[in-house]
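Trainee: Take a look at the following structure, please.
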Amino acid sequence: MKVATWNVNSIRSRLDHATQWLQTNPVDVLCLQETKVVNETFPTAAFSELGYIAYIHGQKSYNGVALLSRQPLDKVQYGFAPVLGEDRVGDLDDQKRVIAGLWDDIYIVNLYVPNGSSVGSEKYEYKLRWLACLKEYLAALLTEHPNLNVCGDFNIALEDKDIYNSEGKEKHIMSSPTEREALKEVMAVGLKDGFRLFNDEGGHFSWWDYRTAAFQRNMGWRIDHHYLSAGLSDRALSCTIDLEPRRWEKPSDHTPVIMEYA
DNA sequence: ATGGCCTAGGATCTAGGA
């Protein structure tokens, strides 16, 4: 069983890439972030032709997440509120960043964590509030679903070796100590980094800035993750980053990360 | 280098990304 995560930076701009990738990489579930399209305009038909059911949670212009699945998912939920309630969640569901569903006994949570803009900004405070809410959400889910695959664009590189050059990291968005600590707090509910089950090296990245020819120079960051509950990490077989789509013409700035289970 | 590029929306620029 394979689950992949991929921030496509607009599903309409990346439709050919997504369908081409699925044809050579027929994963069971593909988790998309930054679809940037309302549900009515999501290109559902292109994926149903390939045998995928699309569960979509979009908005105009920004954010947006989707689950593409080769079989129907149970208990599909949109946002934090179905688990935590509207009173707790407040404005954190206004941006469409969370979708989840059950494949057999594996509950798959697909996240687009807020970027945060810059350390100390209003958006950074929103990111930290969002991560605190995420911790409560995942803790609640774990009581019902022991096999949890939490994946997506986390917009955080957890360790210095997840960045091509960690100089100045304390002040940089995606690597500042406070947001790293917030993510570690989330993981403390009982989640492990799926990639690190198989690989301890630095130099493995999932995102490269469009500017400065960062991909060609391998100036990347590992910010797209699969986090696994203890029950599920025992069944993990591999976690790989597919660099190929990042080499294609007009690529997303992110590339897929694939988790495989027994 | 408060730089470099890309997307959507709506319009020849701004917001947001990371």
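For what it's worth, our numbering labels the leading residue of the first sequence as 29, then goes sequentially. Idealized CB from N, CA, C, for every residue including glycine.
I want to know whether the region 232–241 touches the region 207–219 - three or more CB-CB distances under 8 Å.
Mentor: no
Trainee: Out of 193, 162, 196, which one is the CA nearest neighbour of residue 216?
Mentor: In the first sequence, residue 216 corresponds to position 188, counting from 1. Looking at the Cα atoms, 162 is the closest of the given residues.
Trainee: When you compare each of 94, 129, 101 to residue 111 by their alpha carbons, which one comes out closest?
Mentor: Residue mapping note: residue 111 aligns to position 83 of the first sequence, counting from 1. Shortest Cα-Cα distance from residue 111 to any of 94, 129, 101 involves 129.
Trainee: In chain order, which beta strand (DSSP E) runs of at least 3 residues are fully inside the region 178–227?
Mentor: 219–221
Trainee: Whole angstroms are fine: how far does the CA of residue 102 sit from the CA of residue 186?
Mentor: As a first step, residue 186 must be located in the first sequence, where it is residue number 158. As a first step, residue 102 must be located in the first sequence, where it is residue number 74. Note on geometry: alpha-carbon atoms of residue 186 and residue 102 lie some 31 Å from one another.
Trainee: To which residues does DSSP link residue 111 through a beta bridge?
Mentor: Numbered from 1 along the first sequence, position 83 holds the residue referred to as residue 111. Residue 111 is not bridged to any residue.
Trainee: Considering only C-alpha positions, which residue in the set 51, 64, 176, 245 is nearest to residue 89?
Mentor: Against the first sequence, residue 89 aligns to sequence position 61. Nearest option by C-alpha distance: 64.
Trainee: Quick check: the Cα distance between residue 51 and residue 148, rounded to an integer number of angstroms?
Mentor: Within the first sequence, numbered from 1, the residue matching residue 51 stands at position 23. Within the first sequence, numbered from 1, the residue matching residue 148 stands at position 120. Taking the straight line joining both Cα atoms gives about 43 Å.
Trainee: For a quick check, are the C-beta atoms of residue 233 and residue 267 less than 7 Å apart?
Mentor: Locating residue 233 in the first sequence gives position 205, where the first residue counts as 1. Locating residue 267 in the first sequence gives position 239, where the first residue counts as 1. Cβ atoms of residue 233 and residue 267: not closer than 7 Å.
Trainee: According to DSSP, is residue 138 part of a helix, a strand, or is it coil?
Mentor: Translated into positions along the first sequence, residue 138 becomes position 110. Residue 138: strand per DSSP, three-state reduction.
Trainee: Give the secondary structure of residue 242 by DSSP, where H, G and I count as helix, E and B as strand, and everything else as coil.
Mentor: As a first step, residue 242 must be located in the first sequence, where it is residue number 214. Residue 242 falls in the coil class under three-state DSSP.
Trainee: Does DSSP put residue 158 in a helix, in a strand, or in coil?
Mentor: Counting from 1 along the first sequence, the entry for residue 158 is found at position 130. Residue 158: helix per DSSP, three-state reduction.
Trainee: If you draw a straight line from the alpha carbon of residue 310 to that of residue 119, how long is it in whole angstroms?
Mentor: Residue 310 lies beyond the residue range present for the chain, which begins at 29 and ends at 290; the question has no answer from this structure.
Trainee: For residue 285 and residue 33, which I take to be in contact (beta-carbon distance under 8 Å), what is that distance rounded to the nearest angstrom?
Mentor: Residue mapping note: residue 285 aligns to position 257 of the first sequence, counting from 1. Residue mapping note: residue 33 aligns to position 5 of the first sequence, counting from 1. In this structure residue 285 touches residue 33 by the C-beta definition: roughly 5 Å separates them, less than 8 Å.
Trainee: Buried or exposed: residue 73, going by 16 or more other Cβ atoms within 10 Å of its Cβ?
Mentor: By 1-based counting over the first sequence, the position of residue 73 is 45. An exposed status is given to residue 73, since fewer than 16 other beta-carbon atoms sit within 10 Å of its beta-carbon.
Trainee: With DSSP run on the structure shown, which of helix, strand or coil describes residue 33?
Mentor: Position 5 of the first sequence holds residue 33. If DSSP states are grouped into helix, strand and coil, residue 33 belongs with the strands.
Trainee: Could you give the distance in angstroms between the alpha-carbon of residue 243 and the alpha-carbon of residue 92?
Mentor: Position 215 of the first sequence holds residue 243. Position 64 of the first sequence holds residue 92. The straight-line gap from Cα to Cα measures roughly 25 Å.
Trainee: Please list, in chain order, all residues of the same chain as residue 123 whose beta carbon is under 8 Å from its beta carbon, the five residues on each side excluded.
Mentor: Here the question's residue 123 lines up with position 95 in the first sequence. Once the five neighbours on either side are set aside, the close Cβ partners of residue 123 are 87, 90, 91, 142.
Trainee: Nearest-angstrom Cα distance between residue 59 and residue 94?
Mentor: On the first sequence, residue 59 is found 31 positions in, with the first residue counted as 1. On the first sequence, residue 94 is found 66 positions in, with the first residue counted as 1. Whole-angstrom Cα-Cα distance: 6 Å.
Trainee: Out of curiosity, what's the CA-to-CA distance linking residue 198 and residue 61?
Mentor: Within the first sequence, the letter at position 170 stands for residue 198. Within the first sequence, the letter at position 33 stands for residue 61. Going from the Cα of residue 198 to the Cα of residue 61 covers about 26 Å.
Trainee: Considering only C-alpha positions, which residue in the set 287, 29, 257 is nearest to residue 132?
Mentor: Counting from 1 along the first sequence, the entry for residue 132 is found at position 104. The shortest Cα separation from residue 132 among 287, 29, 257 belongs to 29.
Trainee: Using DSSP's beta-bridge definition, name the partner residues of residue 236.
Mentor: Here residue 236 refers to the residue found at position 208 when the first sequence is read from its first residue. The partner list for residue 236 (beta bridge, DSSP) reads 248.
Trainee: Which residues does DSSP pair with residue 288 in a beta bridge?
Mentor: Along the first sequence, read from residue 1 onward, the residue named residue 288 stands at position 260. For residue 288, which the question treats as bridged, DSSP gives the partners 30, 266.
Trainee: State buried or exposed for residue 82, treating a residue as buried only when at least 16 other CB atoms are found within 10 Å of its CB.
Mentor: As a first step, residue 82 must be located in the first sequence, where it is residue number 54. Residue 82 is buried by the Cβ-count criterion.
Trainee: Please work out which residues of its chain come closer than 6 Å, Cβ to Cβ, to residue 135, disregarding the five sequence neighbours upstream and downstream, and give them in chain order.
Mentor: As a first step, residue 135 must be located in the first sequence, where it is residue number 107. So the qualifying residues of the chain are 173, 176.
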